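Protein chains: 2
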Amino acid sequence: MRDLRRRGRRALSCLLPCLLALGFSAGAIAEAGDPLPSWSDGPARQVLVSFVERVTKEGGPDFVPPAERVAVFDNDGTLWSEQPLYVQLAFALDRVKALAPEHPEWKEKEPFASVLRGDLAGVAASGEHGLLELVMASHAGNTSEEFARIVEDWLATARHPKLGRPYTECAYQPMLELLAYLRANGFQTFIVSGGGVEFMRPWSERVYGVPPERVVGSSVQTRYELRGGKPAIVRLPAVDFIDDKAGKPVGIHKFIGRRPVLAFGNSDGDFEMLEWTTAGPGPRLGLLLHHDDAEREVAYDRTSSVGRLGRGLDEAPARGWTLVSMKRDWKRVFERP
Amino acid sequence: MRDLRRRGRRALSCLLPCLLALGFSAGAIAEAGDPLPSWSDGPARQVLVSFVERVTKEGGPDFVPPAERVAVFDNDGTLWSEQPLYVQLAFALDRVKALAPEHPEWKEKEPFASVLRGDLAGVAASGEHGLLELVMASHAGNTSEEFARIVEDWLATARHPKLGRPYTECAYQPMLELLAYLRANGFQTFIVSGGGVEFMRPWSERVYGVPPERVVGSSVQTRYELRGGKPAIVRLPAVDFIDDKAGKPVGIHKFIGRRPVLAFGNSDGDFEMLEWTTAGPGPRLGLLLHHDDAEREVAYDRTSSVGRLGRGLDEAPARGWTLVSMKRDWKRVFERP
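The following block contains the structure:
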């Protein structure tokens, strides 16, 4: 027994120089046991940790069985950057350019003409109807398997205009840690996004650890048919479901069938999701990420055209929702700056 | 060490008489390690066990990672009895009777008048449109939480007309064993049913071990609204999605987002689900339960108005689908006869 202890000490005394030689700083070693190393030791982190401790404490008054530990996350602006423009919109614009040779008429037709001229203001001027036309033209007509490949191929080459790296490397590091922390505590983590479900599913597991069956989003209608004798799910140019605003609780109910205990969003499009989540009985947690960090990301809220946050800012205190300040609560924003 | 071994032998020699005294037969003891005790040792069981062994064998040519082991099951006629009539139709009829005092006009109006007279033939004569009217009148108008309670209350008192016990005790015992066997081997088991998703979710976990978020079914449209200041999901009298026939692969794609590796159905309404599942690359398994046991259940297939199985019977051999004979492949049908 004494011999074993001595051998243990010897192994440990070996380990430290090895780790240091491998480039681990003392800080990294100290952090090894911390599941949320990118979160500052402030109020937001305390709210999160205290909530997880309460709902996982067996026999405690706030215990929630694992099956009911459903946590839902908005995607754009909550898990990854939505500035300067939604990633899926960047995809749609690139897709229109790629398809343009097959559509000579687009040179004269809005909003396609603006896209091809690289005139984003012109695209925006086409309004909601124009955007819908863009999405339909760029997202439909193929099979679901073809579409998943197109998304993957695009993500492999496209780069975030400001950060200069693949979009899938623009996820917020503190949120990746939070997703993993929740799952390690028996939570099921779901994405509930206004974005297209088939745009997210091909990479959600790789990037967020969220498998396709736990992604809820907007969708186009699809049809099952035989193409050349082979069964296929074909994407049609028609909206099936818009998973935004009051559509988010509807989507949660439709796809998950349970009321979540935790909801995390960043814009007024997430208001009803937080409202629905926190109105349930027992312990509930609503959080809104406030983009207030002009230095490390972008500072925007109530006047922004993308990810507007006004009502949420105003009502969060009275509703007991936690405002997470990017500036104050996050030690770092991305894995790489 | 020798002492430990002796103690182990002594404990074992004690155990056997104890078990026998408690009423365990030698057969039950032998079966304790068998995950499928209600399945006869025939071809269907062999196909199932061999498939599970192949896809779970790490390093083997047919290995499927746990995340992709998605198995989908029809409900009516596959997991529980659909004869003499769909359980959900029995619910709708009882619900119309319960609501009748609030609707004096139903006494004169078909198909309600037939329901109130107990005239099933009259109900059937109202056709698909009449049935839809029945379902809408009996399934909408309330909130999702109210509806879940109504379903639970009904299930607590309603009895299967032939078996004389709660419907939730009319699940097929071999299928319960199969669901548990698949989950024990890392499969995710989903229900993909033509029945209403909100009719199944309240009890699917208790009866089948399938949680609400793994139930796919038909649905009515819902709307998020504040009722007396409290958020609610309100059920509207309009169809949202019909999860039957070619709708099943669409539902699988929409709600699960992965192609299953195993699909189990019993009627031609499941044909496309099996077709979609087994057309994928790698190991795939399609199964159809053939109700050929008039003695222990009901014998029906190609001419039945409920759960018709014609095309599936004809094409199963050429498509490599396994026909499971209730008569030949199941030692028992229900937990209690």
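Those sequence lines, one after another, are chains E and X. Last residue of the first sequence? That's 363 in the numbering used here, and every number before it is there in order. Last residue of the second sequence? That's 363 in the numbering used here, and every number before it is there in order. Backbone N, C-alpha and C fix where the C-beta goes; we use that ideal spot for every residue, glycine too. Small disclaimer: the values here were computed from a predicted structure and weren't measured.
Query	Result
Given E/ASP270 as reference, the closest of E/PHE99, E/ARG80 and E/ARG95 once Cα atoms are compared	E/PHE99
With 16 other Cβ atoms within 10 Å as the buried cut-off, status of X/SER331	exposed
Meets three-Cβ-pair contact criterion under 8 Å: the segment 351-360 of chain X and the segment 63-75 of chain X	yes
Three-state secondary structure assigned by DSSP to X/ARG345	helix
Residues of the segment 268-292 of chain X whose Cβ lies closer than 7 Å to any Cβ of chain E, in chain order	ALA272, PRO275, VAL276, HIS279, LYS280, PHE281, ILE282, GLY283 and ARG284
Residue environment, E/LYS83, which counts as buried when at least 16 other CB atoms sit within 10 Å	exposed
Meets three-Cβ-pair contact criterion under 8 Å: the segment 79-95 of chain E and the segment 205-217 of chain E	yes
Sub-9 Å separation of E/ILE282 and E/VAL96 beta-carbons	yes
X/THR183 versus X/PHE117: straight-line alpha-carbon distance, rounded	11 Å
One or two residues paired with E/ASP169 in a DSSP bridge	A small correction: the amino acid at residue 169 of chain E is Thr; Asp does not occupy that position in the sequence shown. According to DSSP, E/THR169 bridges with E/VAL260.
Test: X/THR248 CB closer than 9 Å to a CB of chain E	yes
Strand pairing of X/ASP60, partner residues [DSSP]	Looking at the DSSP assignment, X/ASP60 forms no beta bridge with any residue, so it has no partner.
Neighbour flag for X/ARG175 against chain E, beta carbons, 9 Å	no
Residue burial classification, E/LEU204 (beta-carbon count within 10 angstroms, cutoff 16)	buried
Residues bridged to X/ILE217 [DSSP beta-bridge criterion]	X/PHE99 and X/VAL241
Inter-residue spacing [alpha-carbon to alpha-carbon] between E/PRO343 and E/CYS196	30 Å
In DSSP terms, what X/THR82 is bridged to	DSSP lists no partner for X/THR82.
E/GLU251 - DSSP class collapsed to helix/strand/coil	strand
Sequence-distant residues of the same chain with beta carbon closer than 7 Å to X/PHE111, five excluded per side	According to the sequence provided, residue 111 of chain X is Leu. The question's Phe does not apply to it. Result list for X/LEU111: VAL332, in chain order.
E/LEU314 in three-state terms, based on DSSP	strand
Whole-angstrom C-beta distance between E/ALA289 and X/LYS256, which should lie under 8 Å	Rounded, the Cβ-Cβ distance is 17 Å, inconsistent with contact.
Per DSSP, the bridge partner or partners of E/VAL350	E/LEU315
Straight-line gap, E/LEU119 to E/ALA147 (C-alpha atoms, nearest Å)	13 Å
Where E/LYS280 falls, given that 16 or more other Cβ within 10 Å makes a residue buried	buried
Below-9 Å beta-carbon distance, X/VAL98 vs any chain E residue	no
Distance CB(X/TYR250)-CB(E/GLU341) smaller than 9 Å	no
Separation of E/VAL122 from E/GLY144, as counted between CA atoms	11 Å
Chain X residues whose Cβ lies nearer than 8 Å to that of E/SER245	LYS280
Beta carbon proximity, X/ARG80 to chain E, threshold 9 Å	no
Those residues which DSSP pairs with X/PHE138 across a bridge	In the DSSP output, where bridge partners are listed per residue, X/PHE138 has none listed.
Neighbour-count burial assignment, X/PRO92, 16 or more Cβ in a 10 Å radius	exposed
C-alpha gap between X/THR169 and X/ALA258, whole angstroms	6 Å
9 Å Cβ cutoff, X/VAL90 in contact with chain E	no
Residues that E/ALA93 contacts on chain X, provided the C-beta gap is smaller than 7 Å	PRO237
Burial state of E/ALA163, where buried means 16 or more other Cβ atoms lie within 10 Å	buried
Rounded straight-line distance, which links the Cα of X/GLY254 to that of E/LEU142	50 Å
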